[in-house]
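Visitor: Numbering (my numbering), first residue to last: 0 to 42. C-beta atoms are modelled at their ideal positions from N, C-alpha and C, and glycine is treated no differently. Quick one: structure below, then a few questions.
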């Protein structure tokens with residue numbers, strides 16, 4: 000169950016192309032910046 004959620008989250012980060020960052024940096028930015036997190040989640 001958790002592995003599936005992890006894969007979904009990583010795919011969302013990979014598909015988000017507004018920043019020229021690696022997935023690790025995008026993950027950290029999404030953790031720090033709520034606006035960016037909403038952009039990644041497409042809400």
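Within 10 angstroms of the Cβ of residue 39, are there 16 or more other Cβ atoms? Answer buried if so, exposed if not.
Guide: buried
Visitor: Given a threshold of 16 other Cβ atoms within 10 Å of its Cβ, counted over all protein chains shown, does residue 29 qualify as buried or as exposed?
Guide: buried
Visitor: Look up residue 33 in the DSSP assignment and say whether it is helix, strand or coil.
Guide: helix
Visitor: State the Cα-Cα distance for the pair residue 41 and residue 0, rounded to the nearest angstrom.
Guide: 22 Å
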